[in-house]
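Visitor:
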Amino acid sequence: PHHHHHQGRVYHVEIKLKVPNKEIVVSKEPEKNEAHTDVYVAIRDAFNALKRQLEKHFEKMRQH
Numbered sequence: 004p005h006h007h008h009h010q011g012r013v014y015h016v017e018i019k020l021k022v023p024n025k026e027i028v029v030s031k032e033p034e035k036n037e038a039h040t041d042v043y044v045a046i047r048d049a050f051n052a053l054k055r056q057l058e059k060h061f062e063k064m065r066q067h
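Read in order, the letters of the sequence shown correspond to residues 4 to 67 in my numbering.
1) Between His-15, Lys-25, Arg-12, which lies nearest to Lys-59 when the distance is taken from Cα to Cα?
2) Along the beta strand (DSSP E) that carries Val-44, what are the first and last residues, could you check?
3) Closest to Lys-31 by CA distance: which of Asp-41, Phe-61, Ala-52, Val-22 is it?
4) Measuring alpha carbon to alpha carbon, tell me which of Met-64, Asp-41, Arg-65, Ala-45 ends up nearest Glu-17.
5) So, at 6 Å on beta carbons, what are the nonlocal neighbours of Asp-48 in its own chain, with the 5 sequence-adjacent residues on each side left out?
6) Roughly how many whole angstroms lie between the Cα atoms of Arg-12 and Phe-50?
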């Protein structure tokens, strides 16, 4: 039997969020080994990255 490799669409997700005194931008470019061929995975990964950046931002604000 022949095995064919199908390449699906690769998704790029960008989120821009304005918070007081800052704009947070998350841009998830798919890496070679983890191409986002599932739109839901691409969105999940982008929001996870946004959450980490927000936590870091608000932690800095609490320290000042």
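From the three backbone atoms N, C-alpha and C, an ideal C-beta is built for every residue, glycine too. Nothing here was measured: the structure is a model prediction, and the numbers come from that model.
Guide: In this structure, then:
1) Position 56 of the sequence shown, counted from the start, is the residue given in the question as residue 59. The option with the nearest alpha carbon to Lys-59 is Lys-25.
2) Sequence index remark: in the sequence shown, residue 44 carries index 41 (1-based). Counting along the chain, Val-44 falls outside any beta strand (DSSP E), though it belongs to the alpha helix (DSSP H) covering 42-66.
3) The residue you call residue 31 lines up with position 28 of the sequence shown. Comparing Cα positions, the closest option is Ala-52.
4) If you number the sequence shown from 1, residue 17 lands on position 14. Selected option, being the one with the closest Cα: Ala-45.
5) As a first step, residue 48 must be located in the sequence shown, where it is residue number 45. For Asp-48, where only same-chain residues beyond five positions count, the Cβ hits under 6 Å are Lys-31.
6) What you label residue 12 is simply residue 9 of the sequence shown in a count that begins at 1. What you label residue 50 is simply residue 47 of the sequence shown in a count that begins at 1. Spanning the two alpha carbons is a distance of roughly 20 Å.
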